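Below is one structure; the comments refer to it alone.
In this note's numbering, the protein residues as written are 3 to 142.
Here it is, written out as structure tokens:
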């Protein structure tokens, strides 16, 4: 697998992947809108994983100067359990570390125990917190 920053040529493949992996995402997480917003802030932290030139995985990272964040780790179902997600996470963490990021956060739905186990295997701890959010825009 090759890992590199997202490029405009990846757009349709990333949209298809996210529609497969995140079918129940809310409207504000519409793939094209997420891509458009990410390309305005730290686009170099939007990584894709390719096999035979095809996008099969993604991860989005961000760093606000205090904490790093991971979003949209996605692997096409046919390519799971091959170490692709782990490799993308390592690449994202390395990119964040180079920026001086001291800690990485991510959010997982509490019921998604398989994904929680995956992140725990990578050294992430479940931190008891309340997650609050507020939509600032109704649509893009």
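Idealized CB from N, CA, C, for every residue including glycine. Remember, predicted model here, so these are calculated numbers, not experimental data.
The beta carbon of residue 31 sits closer than 8 Å to the beta carbons of 24 from its chain, once the five residues preceding and following it are set aside; these are given in chain order.
For residue 3 against residue 89, the beta-carbon gap comes to about 6 Å, under 8 Å, which counts as contact. By the C-beta criterion, the stretch 110-121 is judged not to be in contact with the stretch 48-65, since fewer than 3 inter-stretch pairs fall below 8 Å. Comparing alpha carbon positions, the residue from 104, 127, 131 and 139 closest to residue 67 is 104. Of the other Cβ atoms in all chains shown, fewer than 16 fall within 10 Å of the Cβ of residue 42; this residue is therefore exposed.
Within the stretch 34-80, the complete beta strand (DSSP E) segments at least 3 residues long are 48-53, 56-65 and 70-77, listed from N- to C-terminus.
Rounded to whole angstroms, residue 61 and residue 7 show a C-alpha spacing of 10 Å. Under the DSSP definition of a beta bridge, residue 106 partners with 70.
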